[in-house]
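J.:
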Amino acid sequence: MAPTLYMIRYSQPVRATLMTIRAIDLDVELKEVNLIEKKQLSSDYTKLNPQHTVPTLVEEDGFTLWDSHAIMAYLVEKYGKDDSLYPKDLRKRAIINQRLHFENGILFPYTMAIIRPIIYEGEKTVPRDKADKVREAYSFLEKFLEGKNWVAGDAVSVADFSIISSITTMDVVVPVDTKTCPNVASWIKRMEKLPYYDENKKGLDQIRQIIEEKLK
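Residues 1 to 216 (the UniProt record's numbering) make up the sequence shown, in order.
1) In or out: residue 99 buried (at least 16 other Cβ within 10 Å) or exposed?
2) Mapping DSSP to helix, strand and coil, what is residue 203?
3) Determine the burial state of residue 160: buried for a count of at least 16 other Cβ atoms within 10 Å of its Cβ, exposed for fewer.
4) To the nearest angstrom, report how far apart residue 182 and residue 162 are at their CA atoms.
5) Pick out whichever of 169, 138, 17, 135 has its Cα sitting closest to the Cα of residue 111.
6) Decide if residue 197 is buried, meaning its Cβ has at least 16 other Cβ atoms within 10 Å, or exposed.
7) What is the residue span of the alpha helix (DSSP H) that residue 172 lies within?
8) Kindly indicate which residue of 35, 18, 177, 34 has the alpha-carbon position closest to the one of residue 28.
9) Applying the 10 Å Cβ sphere with the 16-neighbour rule, what's the burial state of residue 120?
10) Closest by CA to residue 5, which one among 214, 53, 37?
11) Compare the C-alpha of residue 115 against each of 15, 8, 176, 210 and name the closest.
12) Do you know whose CA, among 137, 155, 154, lies nearest residue 180's CA?
13) Look up residue 136 in the DSSP assignment and say whether it is helix, strand or coil.
14) Nearest CA to the CA of residue 122: which residue from 177, 69, 213?
15) Beta-carbon within less than 7 angstroms of residue 16's beta-carbon, same chain only, minus the 5 sequence neighbours each way: which residues are those?
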């Protein structure tokens, strides 16, 4: 029996997880949790995940795990045909972990600080101070990518999946400047060519439509 993933496609962490699942060619059962309708707060869901976040992974034996970063690492370790997406090499993995923490501690919070007020509070503009923080985050990533094709080195990894989900969402409201961040712009184009990038694009298109409707 396949693992079950509780998800909604427009979620950044879900999109990163779906890219990982597709990259390792894993069959999973998808169950949607509508965040806008607050289905994540139901008693059934909070029994699975008391933090009421998505995604949540449930194995056939009942093992349950949430947080996309933890899920991606677990899936590659358990189901991956090799360790290329999350190498066992200590230093390679350390760099990937650093990039994952960068997404978790910088990119995702910066994105949510802009997106949540637009979706839930009727905000119609992006405050300048928040936009400046996003541009600073772009500049950090620009440095990470100097002389590299991927965010953690010479090979695509789960860090790329995590970061692309946030960067492309941020880009909807604070566009990446191709002149000041050419490395970021080129990396996005490389990501778009990956055979499993569609798992990010489908959810990104959904959240873009939601944001654009809210900004009207």
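Just so you know, even glycine gets a beta-carbon here, dropped at the ideal spot from N, CA and C.
The structure displayed is predicted, hence computed values, not measured ones.
T.: Judging by the given coordinates:
1) With 16 or more other Cβ atoms within 10 Å, it is buried.
2) helix
3) buried
4) 20 angstroms
5) 169
6) The residue is buried, with at least 16 neighbouring Cβ atoms inside 10 Å.
7) 158-173
8) 18
9) exposed
10) 53
11) Answer by Cα proximity: 210.
12) 137
13) helix
14) That would be 213, whose Cα lies nearest to the Cα of residue 122.
15) 68, 72, 161, 162, 165
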